[in-house]
Amino acid sequence: MEQTILEIRDLVKKYEDETILNGLNLQIRRGEVVVVLGPSGCGKSTLLRCMNALESIQGGQISLEGETVEKSSKNITMIRQKIGMVFQSYELFPHKTILENITLAPVHVQKRSLSDVEEEALALLKRVGLSGKENAYPRQLSGGQKQRAAIVRALCMHPEIMLFDEVTAALDPEMVREVLDVILELANEGMTMVIVTHEMQFARAVADRVLFIEGGQIVEESDPESFFTNPSTQRAKAFLQTFEFHKEQKKDS
Amino acid sequence: MQDLGISILFRGSNFVRLLGGLWVTIRISLLAAGLSVPLGILFGLFLNIRNPAAKVIGRIYLDFIRIMPQLVLLFIVFFGATRAFGWNLSNEFSAVLVFTLWGTAEMGDLVRGALISIPKHQYESAQALGLDTLQTYRYIIIPQTLRRLIPLTINLVTRMIKTTSLVVLIGIVEMMKVGQQIIDANRFEYPTAALWIYGVIFLLYFFTCWPISRFAKWLERKWN
Ligand SMILES: Nc1ncnc2c1ncn2[C@@H]1O[C@H](COP(=O)(O)OP(=O)(O)OP(=O)(O)O)[C@@H](O)[C@H]1O
Ligand SMILES: [Mg+2]
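Chains as they are written, first to last, in the numbering used here: chain A, -15 to 237; chain B, -16 to 207.
In structure tokens form, the structure reads like this:
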């Protein structure tokens, strides 16, 4: 059960001369839910994008189930099929219906039969509360619905691990819940996940482990209870206080 | 006779001659459009190459064609090329050539615009799903580009049909010219001929271009 699924060693990521990630190390076990926190611009999105080789890396190594994840590698499309990713901005394909969005990759990339995939897609859509939306186009859905459809699209590839990059950041507050509930349910089913979020309550509820990134490295790493109640580094404390501050200001006004 | 100016249309083969003129217009436009679209797609891809030299060359071509009035281009090709190189280009060939040069530039710019208007995220979410480059273009990028492109292309074709009326100036007898000939020939018999003939020409242009631009609008609404 304690098997490592994703391993990152000494990861270095630079944009031109700017070093974003500087010798980052991370091991993720199968079934683990890791929440990545850190100030804006610290490289959380960059880390996730490196994990499925949307970015080239300048040092270190990333491996998924022992296979190297590298942008230029020949079997990168094989590896990416095992990694589901949901981005912040809705990135459904606008010219395809919800059902077509979901079935495209399983049918054309994994060569599975359309009827099987459709059946599975409809079942998953039902589970996330999107029954009846299968023939709608993305523009006809609300932000929260689009994000749930994007999650289903990733799940339908049967990934080994799911990456979520601030999937609720662009949503109206009342739609955040419906999306987070879906992710929470996935966590309960034992899906391995890496989640970047600004929803601290949710982070605390869903995480098995919290990472705090600053200066291109993981500066604090602990279970959610100790991280949120008693962070050990000054930086993490300061970070958490920024959320406290916002809350108290709201109460006053 | 004089008060029934409209009857000029039905005198002799006048109406058929006008339609013949329209056909010349359409033939030149269709030939030029048929060549411009594929060449323009290639030119658009060329404009998207990240090579700076390709950018400069593409830009110069585009700007040159845009700055030059089409009439000047027509004269350069038809009269200029004949004098300078001793080529004996027929006037219709020159017209198709000029409208193709122009259409390729415009079409290329449309293709370039359509390609860069596809957000980076579309490429990335396709890649994240395991699609390779070919599949990404085939299923995601090209269909979306075409959707944006088809209405714009159709509008370009209607612009081309209207602009071909310039070819009269290098001696091609198209619809406007036929109209003038009819009017001149009947100047004394039918003083109001100009009104009727130009009215009919207006309608013929209208009924050629209108369905095309309606179709473009319909596609646009269907896809957006
Ligand atoms: N394509 C790029 N080219 C150059 N610099 C980039 C690029 N993408 C990101 N950066 C820089 O890398 C740094 C990390 O960006 P990243 O998006 O990973 O931060 P983040 O932790 O996700 O921030 P946020 O919480 O605001 O989403 C930032 O300073 C950003 O400006
Ligand atoms: Mg980010």
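C-beta: ideal position from N, C-alpha, C; glycine also.
For clarity, every value in this text was computed on a predicted model and none was experimentally measured.
- In the structure shown, the three-state DSSP call for residue 117 of chain A is coil.
- For residue 90 of chain A, the number of other beta carbons within 10 angstroms of its own is at least 16, and it is reported as buried.
- Take the alpha-carbon of residue 120 of chain A and the one of residue 136 of chain A: they are about 15 Å apart.
- When Cβ-Cβ separations below 8 Å define contact, residue 100 of chain B makes no contact with chain A.
- Every residue whose beta carbon comes nearer than 5 Å to a heavy atom of ligand 1 appears here in chain order: A:-1, A:4, A:24, A:25, A:26, A:27, A:28, A:29, A:30.
- The three-state secondary structure of residue 10 of chain A, taken from DSSP, is strand.
- Sequence-distant partners of residue 90 of chain B (beyond 5 residues in either direction) whose C-beta falls short of 8 Å from its own C-beta, in its chain, are 19, 20, 22, 23, 24, 26, 27, 136, 139.
- Here the distance from the Cβ of residue 115 of chain B to the nearest heavy atom of ligand 2 is not below 7 Å.
- Uninterrupted alpha helix (DSSP H) stretches at least 4 residues long and entirely within the stretch 106 to 161 of chain A occur at 127 to 139, given in chain order.
- Classified as buried, residue 179 of chain B has 16 or more neighbouring CB atoms from the shown chains inside 10 Å of its CB.
- In the DSSP assignment, residue 90 of chain B falls within the unbroken alpha helix (DSSP H) covering 74 to 99.
- C-alpha of residue 142 of chain B to C-alpha of residue 198 of chain B: approximately 15 Å in a straight line.
- Less than 8 Å separates the beta-carbon of residue 43 of chain A from that of residue -5 of chain A.
- The Cβ atoms of residue 31 of chain B and residue 93 of chain B do not sit closer than 8 Å to each other.
- Taking the beta carbon of residue 126 of chain B as reference, the chain A residues within 9 Å of it are 77, 79, 80, listed in sequence order.
- C-alpha of residue 48 of chain B to C-alpha of residue 33 of chain B: approximately 22 Å in a straight line.
- Under the 8 Å Cβ criterion, the stretch 213 to 227 of chain A does not count as touching the stretch 26 to 34 of chain A, having fewer than three qualifying pairs.
- Here the alpha carbon of residue 201 of chain B sits roughly 23 Å from the alpha carbon of residue 122 of chain B.
- The Cβ-Cβ distance between residue 164 of chain A and residue 67 of chain A does not fall below 8 Å.
- By the CB criterion at 8 Å, residue 85 of chain B and residue 45 of chain B fall outside the cutoff.
- The beta carbon of residue 148 of chain B sits closer than 8 Å to those of 8, 157, 158, 159, all from its chain and outside the five residues before and after it, given in chain order.
- When CB distances to chain B are screened at a threshold of 8 Å, not a single residue of the stretch 167 to 186 of chain A falls below it.
- By the C-beta density criterion, residue 0 of chain A is exposed, having fewer than 16 other C-beta atoms within 10 angstroms.
- Annotated as distal: residue 12 of chain A and residue 41 of chain A, with beta-carbon spacing of 8 Å or more.
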